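Trainee: Here you go, one structure.
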Amino acid sequence: MKRLAILIVLFSVFSCTSESKLTPEEIEDLLTDDVEIIFTTTEPNYDEVMVTYYDFDIGTDVAKPYVFKYDVDGNPLPLKISFENYTHELIRGEGFRNNFSEAELKVQLFIDDKLILEEISKGTTSIFARVSFNYDIP
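Printed below as a string of structure tokens:
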């Protein structure tokens with residue numbers, strides 16, 4: 005509903021001017037966002053994170069394990085999940101390490117290359133590291 009109101013305002017503002025008209029593609033770009041979720045770990049050995057997020061397009065949660073890759077020096081590389089032209093008003097999900105490592109697990113949520121949310125968790129010998137990303141997109 006919010007996006008419809010924005011669209012109506014945009015049409016009314018630009019219909020009053022004779023200099024420039026927005027194409028449908030330009031209007032879509034104004035109403036969509038690029039969303040990137042980045043996970044990082046401090047685990048020096050093999051590590052993976054189980055990521056669960058709600059997929060509004062199919063109407064259900066999606067769960068998938070992602071394995072971290074390491075550079076030639078053994079440093080873990082960031083794990084990136086990207087959604088281009090994300091049209092929904094909410095993004096929600098979580099990631100957890102399915103072992104009892106005491107290493108840090110971090111998630112960062114970027115919308116249009118702007119850091120929106122960051123959460124860090126450390127596991128223990130009896131608790132998995134768990135991070136979540138829940139955000140209402142204005």
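Residue numbers in the sequence shown follow this note's numbering, run continuously in steps of one, and reach 142 at the last position. By construction, the Cβ of each residue, glycine as well, lies at the ideal position given by its N, Cα and C atoms. Owing to the predicted nature of the structure, the values given are computational and were not obtained by experimental measurement.
What are the complete beta strand (DSSP E) segments, minimum 3 residues, inside the stretch 27 to 76?
Mentor: Counting whole runs of 3 or more residues, the stretch 27 to 76 contains the beta strand (DSSP E) stretches 37 to 45, 52 to 59 and 64 to 71.
Trainee: Taking the straight line between their C-alpha atoms, what separation do you get for residue 111 and residue 37?
Mentor: Counting from one through the sequence shown, the residue named residue 111 turns up at place 107. Counting from one through the sequence shown, the residue named residue 37 turns up at place 33. Distance between the alpha carbons of residue 111 and residue 37 is about 19 Å.
Trainee: If you run the structure through DSSP and keep just helix, strand and coil, what is residue 131?
Mentor: Translated into positions along the sequence shown, residue 131 becomes position 127. Coil.
Trainee: Smallest Cα separation from residue 99: which of 47, 109 and 39?
Mentor: Start at 1 with the first residue of the sequence shown, and residue 99 comes out as number 95. Answer by Cα proximity: 109.
Trainee: Give me the residue from 65, 141 and 40 with the minimum Cα distance to residue 93.
Mentor: As a first step, residue 93 must be located in the sequence shown, where it is residue number 89. Residue 141 is the option with its Cα nearest to residue 93.
Trainee: Short of 7 Å in beta carbon distance, which residues of its chain neighbour residue 78, apart from the five on each side in sequence? Order them along the chain.
Mentor: To locate residue 78, count along the sequence shown from 1; it is residue 74. Here the set comprises 48.
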